[in-house]
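J.: With the sequence shown counted from 1, adding 2 to any position gets you my numbering. No residue lacks a Cβ here, since even glycine has one placed at the ideal position from N, Cα and C.
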Amino acid sequence: MKRRIFSAICLLSLFAVLLSSSLFFAVVYKEVYLDKQQEVRNELVLIRTGFTQGNLAYLQTLQSVPERNRLNRITLISAKGVVLFDNYETAATMENHLDRPEVISALQNGSGEAVRMSDTLHQQTYYYAERLADGTVLRLALTTASIWGMLFNLLPSLLLIITLVILLAFWLARHETQAIIQPINAINLQEPLEKDTYDELAPLLLRIEQQNKEIAARMAELSQTRSEFITITENMSNGLILLNQREEILTINRSACRLLNLKADQTAGRKLLTQNRSSVLQNLLQKAEQGEIAEAVLQQNQHSYQLLAHPVLNKTELQGIVLLILDITEQQAAEQLRREFAANVSHELKTPLQSISGYAEIISNHLVKAEDIPEFVDRIYREARRLIVLVDDIMKISRLDENKPSLTEEPVDLYRLTQDILQRLQPQAAAKQVHLELKGVSAEIRGVRQILDEMIYNLCDNAIKYNKQGGRVDVIIERLPDMLRLRVIDTGIGIAPEDQEHVFERFYRVDKSHSQKIGGTGLGLSIVKHGARYHHAELELQSIPNQGTTITLSFPFANKINL
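1. Provide the residue(s) that pair with residue 301 in DSSP beta bridges, ordered along the chain.
2. What is the DSSP secondary structure of residue 48, counted as helix, strand or coil?
3. Could you say which of 274, 231, 241 lies nearest to residue 247 if we only look at CA atoms?
4. Enumerate in chain order the residues of its own chain whose CB-to-CB distance from residue 280 is below 8 Å, with the five nearest sequence positions on each side excluded.
5. Taking the runs of the beta strand (DSSP E) that are 3 residues or longer, which of them lie wholly in the segment 121-145?
6. Kindly indicate which residue of 434, 287, 477 has the alpha-carbon position closest to the one of residue 471.
7. On a Cα-Cα basis, can you pick out the residue from 444, 482, 182, 416 that is closest to residue 452?
8. Three or more beta-carbon pairs under 8 Å between the segment 473-480 and the segment 532-542, yes or no?
9. Grouping DSSP H, G and I as helix and E and B as strand, with all else coil, what is residue 325?
10. Could you pull out every residue in the same chain whose Cβ sits closer than 7 Å to the Cβ of residue 244, ignoring the five residues on either side in sequence?
11. Measuring only the C-alpha atoms, how far is residue 128 from residue 9?
12. So residue 451 is in the alpha helix (DSSP H); what residue range does that whole segment cover?
13. Return the chain-ordered ranges of every alpha helix (DSSP H) run that is complete within the segment 201-277 and spans a minimum of 4 residues.
14. Determine whether the beta carbon atoms of residue 144 and residue 132 lie at a separation below 7 Å.
15. Just reading off the alpha helix (DSSP H) that residue 420 is part of, what are its end residues?
16. What does the Cβ neighbour count give for residue 489, buried or exposed, with the cut at 16 atoms within 10 Å?
17. By Cβ distance below 8 Å, which residues in the same chain neighbour residue 261 in space, the five residues on each side in sequence not counted?
18. By DSSP, does residue 545 sit in helix, in strand, or in coil?
19. Any chance you could list the beta strand (DSSP E) runs of at least 3 consecutive residues sitting entirely within the segment 465-501, in chain order?
20. Which residues share a DSSP beta bridge with residue 78?
21. I need the straight-line Cα distance from residue 320 to residue 215, nearest angstrom please.
22. Can you confirm whether the segment 19-28 touches the segment 104-120 when touching is taken to mean that 3 or more C-beta pairs between the two stretches lie within less than 8 Å?
23. Where does residue 565 sit, in a helix, a strand or coil, going by DSSP?
24. Quick one: give me the first and last residue of the alpha helix (DSSP H) that residue 104 is part of.
25. Could you work out which residue in 421, 166, 429, 84 is closest to residue 138 when comparing CA atoms only?
26. Mapping the DSSP letters down to three states, classify residue 279 as helix, strand or coil.
27. Should residue 76 go down as buried or exposed, given a rule of 16 or more other Cβ atoms within 10 Å for buried?
28. Using 8 Å for Cβ pairs, my map puts residue 552 next to residue 496. What's the rounded Cβ distance?
29. For residue 531, which option in 544, 549, 505, 547 has the closest C-alpha, if you only look at C-alpha atoms?
30. Report the rounded CA-to-CA distance for residue 228 versus residue 503, giving the unit in angstroms.
31. Per DSSP, what kind of secondary structure is residue 177 in: helix, strand or coil?
32. Look at the alpha carbon of residue 516 and the alpha carbon of residue 467, and state the distance between them as a whole number of angstroms.
33. Between 136, 146, 113, which has its C-alpha nearest residue 126's C-alpha?
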């Protein structure tokens, strides 16, 4: 705008100078030319008067005037066009002037005039002629510079004037342009109406003010929406990534960075495939770019991630891709665990059922002596009891898996509960000559009595079963500042280091042959583990082969009451 105003002012000034100079020169030239014409006419009147009184001798006296002081050119022409006198040339050598326009006009009308240009156009000659009383024609000629000659003579001065005027116009244009632009540049677009400017700009400034208010309202709305979006996405446990049509990351939440092991400050604006070059992700994005809703599972860092890619389309044109990342590691692990559990249950149930079926078939086919039937019936009973215990343990595990036991919580004194459990296990301990001892203090927690009973019972039962003949089992209950701790310490066969991390798995047995002899379903410690998880307790195992095992249950302070 500044350049346009500056150029317009300069061009306008230049045009005004040229136009005014041209018009002024034309007017001056016309005035000078008219003055010269009148001067010639007046001089002709004087010469005509002198010629009338002194005839040709008067004219000859004019010829004797020095050339530098001579008057205009005087020529006397007869009615036949013969030059009778000329104060610049010899009359006898001059050609006939009957064809001259001014002479023709003077002979016919009494006076005549004409203008003839020189060959170079720098000069012009004005001729004025009058017919005298004797029929001769007296002509006076005035040679002056032509308009082009005059312009040529004045050109240096004119160029100097034009240059000075242009420089002045340039300076004024620059000054005025700055003066015009400065108030516009000083407009505060945030508060356009706070200062007075040109009246012509008032509608524009008012419109800007309205637009500012609309933009401010829209920005506040967008800011709130963005804040809500960030709050939601940043608190999502699932990963969310927004990509543009070039697969460049527009937005990525904290969970996506954590799941894919990315850094948020190093991902914005970069292609996702440069951050993760997995072929699974590449194929997924290719399908999404083709307008398909794609799904895949990505295995990374010992985790399983379900990827859902949804294309964002404007009619048929791809605008971006929404990528959702779900961590399904636990889900798949749980599914795998359910499959293994189902397989193990089938296997564990099959064994006692086959035994029961086999013994019953032998009896039904009368292949057993009468005196041996009670022994076979006893075997069927033991296998049935084992089957009932196994089914019961399976049901307990299932309820704990769902974390919805059908029992209510109540205050439970761990010391009294353990004391009752040891009394129930005393016959088994006596059979193996295992000494049982309870130490500690009374301490209540809030929990499900039946689950706590099963947990402590299984720990003490295993401590007896897998103990040495004549060993001992100590149960210690301690009340600490921030927890209640129950420890079951035995002097049994212990657990090998490679088996310690697996003993809490379902149906896991360290020594299957030995476990088969002493009984058990392989679910006891798994029930302990699930019960501890239900009560938010920590479970710790310490064991040395052939020396003994210590299992510790630490109940958090939140579960402690009435201390």
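T.: From the atom records:
1. Looking up residue 301 in the sequence shown gives position 299. The partner list for residue 301 (beta bridge, DSSP) reads 306.
2. In the sequence shown, the residue the question calls residue 48 occupies position 46. Residue state, collapsed to three classes: helix.
3. Residue numbering aside, residue 247 sits at position 245 when the sequence shown is read from its first letter. Considering only alpha carbons, the answer is 274.
4. Position 278 of the sequence shown, counted from the start, is the residue given in the question as residue 280. These residues qualify, in order along the chain: 300, 302.
5. 125-133
6. Here residue 471 refers to the residue found at position 469 when the sequence shown is read from its first residue. Ranking the options by Cα distance to residue 471, first place goes to 434.
7. Here residue 452 corresponds to residue number 450 of the sequence shown, with the count starting at 1. With distances taken between Cα atoms, residue 452 lies closest to 416.
8. no
9. Stepping through the sequence shown from its first residue, residue 325 is reached at position 323. In this structure, residue 325 counts as strand in the three-state DSSP scheme.
10. Along the sequence shown, read from residue 1 onward, the residue named residue 244 stands at position 242. Excluding positions up to five away in sequence, the list reads 252, 253, 322, 324.
11. Walking along the sequence shown from the start, residue 128 turns up at place 126. Walking along the sequence shown from the start, residue 9 turns up at place 7. One C-alpha to the other measures close to 45 Å.
12. Looking up residue 451 in the sequence shown gives position 449. First-last of the alpha helix (DSSP H) with residue 451: 451-467.
13. 204-236, 256-262, 274-277
14. On the sequence shown, residue 144 is found 142 positions in, with the first residue counted as 1. On the sequence shown, residue 132 is found 130 positions in, with the first residue counted as 1. Result no, Cβ atoms of residue 144 and residue 132 do not sit closer than 7 Å.
15. One-based indexing of the sequence shown puts residue 420 at position 418. Residues 416-433.
16. Here residue 489 refers to the residue found at position 487 when the sequence shown is read from its first residue. Buried, because 16 or more other Cβ atoms sit within 10 Å of the Cβ of residue 489.
17. The residue given as residue 261 occupies position 259 in the sequence shown. Once the five neighbours on either side are set aside, the close Cβ partners of residue 261 are 241, 305, 307, 327, 329.
18. As a first step, residue 545 is located in the sequence shown; it is residue number 543 there, counting from the start. Three-state result, residue 545: strand.
19. 474-481, 485-492
20. The sequence position of residue 78 within the sequence shown is 76, counting from 1. Its beta-bridge partners are 87, 140.
21. Counting from one through the sequence shown, the residue named residue 320 turns up at place 318. Counting from one through the sequence shown, the residue named residue 215 turns up at place 213. So the two alpha carbons sit approximately 33 Å from each other.
22. no
23. For the purposes of this step, residue 565 is identified with residue 563 of the sequence shown, where counting begins at 1. Legend: pLDDT at residue 565 = 35, less than 50; position of this residue unreliable, value from coordinates given subsequently. Coil.
24. Position 102 of the sequence shown, counted from the start, is the residue given in the question as residue 104. 103-111 is the extent of the alpha helix (DSSP H) around residue 104.
25. In the sequence shown, the residue the question calls residue 138 occupies position 136. Checked all of 421, 166, 429, 84; the closest Cα to residue 138 is 84.
26. What you label residue 279 is simply residue 277 of the sequence shown in a count that begins at 1. Residue 279: coil per DSSP, three-state reduction.
27. The residue given as residue 76 occupies position 74 in the sequence shown. The residue is buried, with at least 16 neighbouring Cβ atoms inside 10 Å.
28. Looking up residue 552 in the sequence shown gives position 550. Looking up residue 496 in the sequence shown gives position 494. Not quite, the Cβ-Cβ distance comes to about 10 Å (not below 8 Å), so this is no contact.
29. Along the sequence shown, one-based indexing puts residue 531 at 529. Cα-wise, what sits closest to residue 531 is 505.
30. Within the sequence shown, residue 228 is the residue found at index 226, counting from 1. Within the sequence shown, residue 503 is the residue found at index 501, counting from 1. Roughly 47 Å between the two C-alpha positions.
31. As a working mapping, residue 177 is identified with position 175 in the sequence shown. Three-state result, residue 177: helix.
32. The residue labelled residue 516 in the question sits at position 514 within the sequence shown. The residue labelled residue 467 in the question sits at position 465 within the sequence shown. Legend: pLDDT at residue 516 = 45, less than 50; position of this residue unreliable, value from coordinates given subsequently. If you take the alpha carbons of residue 516 and residue 467, they lie about 10 Å apart.
33. The residue given as residue 126 occupies position 124 in the sequence shown. It is 146.
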